[in-house]
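Colleague: There's a structure below that I have some questions on.
Protein chains in written order, with this note's numbering: chain A, 251 to 549; chain B, 4 to 272; chain C, 3 to 272.
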């Protein structure tokens, strides 16, 4: 004879596809409702923004695009926000991508950001209005994309000797010496800082083999999954700032007054969190109720 | 956006929906997308390896040599050596000669472990220990500006970080049984670790959800493009955009209806 | 030769790299730079191994008609279409007969696989020859696009970038976004406050998840943000620091064991 199921038992054996459907409905509904939630910036992101914002034009920043399409949702917004901010200030950028499908991400980001910078825009941050006149972003002048090489730890060490050691050419096949912005740029000594946007172990190599050996300011943009693990390096000063997940990206967009996909997504993020917390609470209620029933049944 | 670009975008949306269909159940569309992406990512990587590494780092170094001289007459002939070592890696496919692949492996492992020892010791262990050993700010034990338990710079916070790290390390130390005072400290360690894992978990939830948000954003961008509702109006816009949009939408709706009918039928049977 | 030489190589190069770090000298620096460059070249061949094995596994699946073997064609076509696109580029304003060229190469691939699989080899070989002739014919007569092996025009080929942007990226991004749903279902089924430790974990997680939530009464949002900031920077930092130090010691110990030949698992059997 089957025992009569109460509502909690039913709740516990619910087909998980109903859970999926509920999450989809909430996400789509919040995304369709057009509102935005305020983003409060945090110290970790502010320190990155303040450092990059203080750079004079023609300084060089190395941006390591070390993520594959699986993590693009969180890291692409960071790339867009940071690179647009730098290019608006006429800071030059060296891109590398040491993960296997990273070149696809970097190439896509460079194309998109170059397009969006062709338009005149006005930004308002730090209480100052910045009028940006649209301009053409030129390969070799505004940026150099070094491309991919295997064995990232060794490449990070190699770039500390000379970029030309492992990268005789850039991604598009031009010798580095033929690129105007690379004249006189030998290694990390000529780079103001490194921003590593990463979804994997490459960050560890940037900390141990890059910052640890060559002492440049290192800033991290990380996927949410990794963020908490890198706080010790923030505490010890090995890392100067961390952007964590979509929230970190949204904070950077807020700071640079450049709203993009991260800010756009935060309202959905919030309501999805409500759903997950609701599930945790419901699951626990069901668990305790059925446990109590079992205990009573045992007696 | 040109119409061909819009078609590409539609292809991306179709593949997105095909992959999402796995949430309902495994089906041919999902299998198609899954197998396609394996091939395409490998193909992409072949091209990156070729154009980004083989050509500039090997072929161009040897290009002034001749193949019938085995490139030994090129000005940088020594690049032949790593290439040969690399080719030896391919002996892995042979049962008889796979041991030869250990030579290049040995070289790589030697070098990577050799660089790891000093640098990991210095940057993971020493610098972290150094950061842990700060002098506790007893004067501002509860925060610099008044009583504040949640200050991250107060002496209390420094003390918690110090004790938490020590306790966490003790928890990981399995050579001594976790009993008595040692066990008590280890218990505090696991408490601190659990808070750390909780923070990680909170962030993980955020990360996973944002992956889904990105897919919604792409789909919305496609819809805006189909109805020319973007900020920048499309000069080449025509009804063909909407035809493609409705074709894909009808296809998806039709597929869902078919699945529901099938489900109801099997339930009644 | 089989075991001693690799071990010797590991020891020599490992010891050299450690030595080089502590005692940098002009001559050791010279060797160091050489090694950094060389090992990368070995890496290229090592990575190519993986792609080769993907190819053989797929062909094998087709040959033995294993489960879902037909999808292996999709994998192989995906692989080879990217290779073809990456070696070609547009010269003129239009693509000319480029698509016919690509399709004939893909059919050539299919026919060649059929030749190796099927018993009726003559037919498939003939069809392969036919598609090869078509592809070569177009390649030689059509001037609107070109082939480049030694220069990287192919990387800027819009077909190649479109495949990366609209095939590779959406599928991979979507596959991982499925995890959002699995974590929701896990939240429902698995995250139980069974004991005090699990409760601690859940509370920390919920505080971190709600820290940017503006819809709470009594100034709670600000308090939540502050608590989460404290959680991240104090207890989390302590916990993760213990893990970082532990892992660091682990890496150093394992590396030493490898260099000294105590740990030889990397050599495999034989």
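Where a beta carbon is used, it is the ideal one built from N, C-alpha and C, also for glycine.
A quick note: this is a predicted structure, and the numbers were derived from the prediction, not measured.
Note down, in chain order, all residues in the segment 151 to 168 of chain B with a beta-carbon under 7 Å from any beta-carbon belonging to chain C.
Modeller: 153, 155, 160, 163, 164, 167, 168
Colleague: The segment 118 to 131 of chain C: which residues have C-beta closer than 7 Å to a C-beta of chain B, in chain order?
Modeller: none
Colleague: Would you please verify whether the beta carbon of residue 17 of chain C is less than 8 Å from any beta carbon of chain A?
Modeller: Taking the third chain and counting its residues from 1, the one referred to as residue 17 of chain C is at position 15. Chain A contact via Cβ: absent.
Colleague: Consider the Cβ of residue 54 of chain B: report whether some Cβ of chain E lies at a distance smaller than 8 Å.
Modeller: In the structure shown, chain E does not exist; the protein chains are A, B and C.
Colleague: Taking contact to mean at least 3 C-beta pairs separated by less than 8 Å, is the segment 72 to 92 of chain B in contact with the segment 116 to 129 of chain C?
Modeller: Result no; under three Cβ-Cβ pairs closer than 8 Å.
Colleague: Looking at C-alpha atoms only, which residue of B:172, B:83, B:160, B:236 is the closest neighbour of residue 232 of chain C?
Modeller: Counted from its first residue, the third chain places residue 232 of chain C at position 230. Looking at the Cα atoms, B:160 is the closest of the given residues.
Colleague: Is residue 447 of chain A helix, strand or coil when you go by DSSP?
Modeller: Residue numbering aside, residue 447 of chain A sits at position 197 when the first chain is read from its first letter. Residue state, collapsed to three classes: strand.
Colleague: Check whether the Cβ atoms of residue 186 of chain B and residue 170 of chain B sit closer than 8 Å, and answer yes or no.
Modeller: As a first step, residue 186 of chain B must be located in the second chain, where it is residue number 183. As a first step, residue 170 of chain B must be located in the second chain, where it is residue number 167. No, the pair does not count as a contact, with Cβ atoms beyond the cut-off.
Colleague: Given residue 371 of chain A, which residues of its chain have a CB within under 7 Å of its CB, disregarding the five upstream and five downstream residues?
Modeller: As a working mapping, residue 371 of chain A is identified with position 121 in the first chain. Closer than 7 Å at Cβ, skipping near neighbours: 382.
Colleague: Indicate whether at least one CB of chain B lies closer than 8 Å to the CB of residue 84 of chain C.
Modeller: Locating residue 84 of chain C in the third chain gives position 82, where the first residue counts as 1. It does; some Cβ of chain B falls within 8 Å.
Colleague: So, with DSSP's three-state summary, where would you put residue 379 of chain A?
Modeller: By 1-based counting over the first chain, the position of residue 379 of chain A is 129. Strand, per DSSP.
Colleague: Go through the segment 362 to 423 of chain A residue by residue and report every complete run of the alpha helix (DSSP H) that reaches 4 residues or more, in order.
Modeller: 402 to 411, 413 to 416
Colleague: So residue 217 of chain B and residue 179 of chain C are in contact, right, with Cβ under 8 Å, and what is the actual spacing, rounded?
Modeller: Numbered from its first residue, the second chain carries residue 217 of chain B at position 214. Numbered from its first residue, the third chain carries residue 179 of chain C at position 177. With 8 Å as the limit, residue 217 of chain B and residue 179 of chain C qualify as a contact, their Cβ atoms being about 7 Å apart.
Colleague: Sorted by chain position, which residues of the same chain lie with C-beta nearer than 8 Å to residue 285 of chain A's C-beta, five sequence neighbours on each side aside?
Modeller: Along the first chain, read from residue 1 onward, the residue named residue 285 of chain A stands at position 35. Same-chain partners within the cutoff: 517.
Colleague: What is the DSSP secondary structure of residue 345 of chain A, counted as helix, strand or coil?
Modeller: For the purposes of this step, residue 345 of chain A is identified with residue 95 of the first chain, where counting begins at 1. Strand.
Colleague: Decide if residue 62 of chain C is buried, meaning its Cβ has at least 16 other Cβ atoms within 10 Å, or exposed.
Modeller: On the third chain, position 60 is the one that residue 62 of chain C refers to. Counting other Cβ atoms within 10 Å of its Cβ, residue 62 of chain C stays below 16 and is therefore classed as exposed.
Colleague: According to the neighbour-count rule (16 or more other Cβ atoms, all chains shown, within 10 Å of its Cβ), is residue 34 of chain C buried or exposed?
Modeller: In the third chain, the residue the question calls residue 34 of chain C occupies position 32. The Cβ neighbour count for residue 34 of chain C, taken over all protein chains shown within 10 Å, is at least 16; the residue is labelled buried.
Colleague: Alpha carbons only, please: which of B:131, B:17, B:39, B:215 is nearest the one belonging to residue 242 of chain C?
Modeller: The residue labelled residue 242 of chain C in the question sits at position 240 within the third chain. Measuring from the Cα of residue 242 of chain C, the nearest candidate turns out to be B:131.
Colleague: On the DSSP bridge assignment, give the partners of residue 469 of chain A in chain order.
Modeller: For the purposes of this step, residue 469 of chain A is taken as the residue at position 219 of the first chain. Partner(s): A:445, A:491.
Colleague: So within the segment 90 to 163 of chain C, which uninterrupted beta strand (DSSP E) runs reach at least 3 residues, ignoring any that extend past its ends?
Modeller: 90 to 92, 147 to 149
Colleague: Give the range of the alpha helix (DSSP H) segment to which residue 260 of chain C is assigned.
Modeller: Locating residue 260 of chain C in the third chain gives position 258, where the first residue counts as 1. 237 to 261 is the span of the alpha helix (DSSP H), which, as asked, contains residue 260 of chain C.
Colleague: Tell me, please, whether the CB atom of residue 451 of chain A is closer than 8 Å to any CB atom in chain C?
Modeller: For the purposes of this step, residue 451 of chain A is taken as the residue at position 201 of the first chain. Judged by the 8 Å Cβ criterion, residue 451 of chain A is not in contact with chain C.
Colleague: Look at the Cβ atom of residue 455 of chain A, then the Cβ atom of residue 406 of chain A, and state whether they are nearer than 8 Å.
Modeller: By one-based count along the first chain, residue 455 of chain A stands at place 205. By one-based count along the first chain, residue 406 of chain A stands at place 156. Yes.
Colleague: Please name the residues in the segment 122 to 155 of chain B whose beta-carbon is closer than 9 Å to at least one beta-carbon of chain A, in chain order.
Modeller: 122, 123, 125, 126, 127, 130, 131, 133, 134, 135, 155
Colleague: Straight-line CA distance for residue 417 of chain A to residue 52 of chain B?
Modeller: One-based indexing of the first chain puts residue 417 of chain A at position 167. One-based indexing of the second chain puts residue 52 of chain B at position 49. Taking the straight line from one Cα to the other gives about 13 Å.
Colleague: For residue 261 of chain C, which residues of its own chain have a beta-carbon under 7 Å away from its beta-carbon, when the five flanking residues on both sides are left out?
Modeller: Here residue 261 of chain C corresponds to residue number 259 of the third chain, with the count starting at 1. So the qualifying residues of the chain are 12, 13, 16, 17.
Colleague: May I ask you to report which of helix, strand or coil DSSP gives residue 514 of chain A?
Modeller: Within the first chain, residue 514 of chain A is the residue found at index 264, counting from 1. Of the three classes helix, strand and coil, the one that applies to residue 514 of chain A here is helix, per DSSP.
Colleague: So, residue 321 of chain A versus residue 453 of chain A, is the Cβ gap smaller than 8 Å?
Modeller: As a working mapping, residue 321 of chain A is identified with position 71 in the first chain. As a working mapping, residue 453 of chain A is identified with position 203 in the first chain. No, these two residues do not count as a Cβ contact at 8 Å.
Colleague: Are the Cβ atoms of residue 521 of chain A and residue 278 of chain A separated by less than 8 Å?
Modeller: As a working note, residue 521 of chain A is residue 271 in the first chain. As a working note, residue 278 of chain A is residue 28 in the first chain. Cβ atoms of residue 521 of chain A and residue 278 of chain A: not closer than 8 Å.
Colleague: Taking Cβ-Cβ distances shorter than 8 Å, what residues in chain A pair up with residue 63 of chain B?
Modeller: For the purposes of this step, residue 63 of chain B is taken as residue 60 along the second chain, with counting starting at 1. Ordered by position in chain A, the residues that pass the 8 Å Cβ test against residue 63 of chain B are 418, 419.
Colleague: For residue 224 of chain A, go through chain C and note every residue whose CB falls closer than 7 Å to its CB, in chain order.
Modeller: The structure shown does not extend to residue 224 of chain A, since chain A spans only 251 to 549, so no value can be given for it.
Colleague: Can you name the start and end residues of the beta strand (DSSP E) that residue 310 of chain A belongs to?
Modeller: Counting from one through the first chain, the residue named residue 310 of chain A turns up at place 60. Segment 310 to 316, the beta strand (DSSP E) holding residue 310 of chain A.
Colleague: How is residue 219 of chain C classed by DSSP in three states: helix, strand or coil?
Modeller: For the purposes of this step, residue 219 of chain C is taken as the residue at position 217 of the third chain. In this structure, residue 219 of chain C counts as coil in the three-state DSSP scheme.
Colleague: Using 8 Å as the limit for Cβ to Cβ distance, is residue 354 of chain A near chain B?
Modeller: Against the first chain, residue 354 of chain A aligns to sequence position 104. For residue 354 of chain A, the closest Cβ of chain B is nearer than 8 Å.
Colleague: Over what stretch of residues does the alpha helix (DSSP H) that includes residue 66 of chain B continue unbroken?
Modeller: Counted from its first residue, the second chain places residue 66 of chain B at position 63. Premise fails: residue 66 of chain B is in no alpha helix (DSSP H) and is neither H nor E.
Colleague: Does DSSP classify residue 85 of chain B as helix, strand or coil?
Modeller: By 1-based counting over the second chain, the position of residue 85 of chain B is 82. Of the three classes helix, strand and coil, the one that applies to residue 85 of chain B here is helix, per DSSP.
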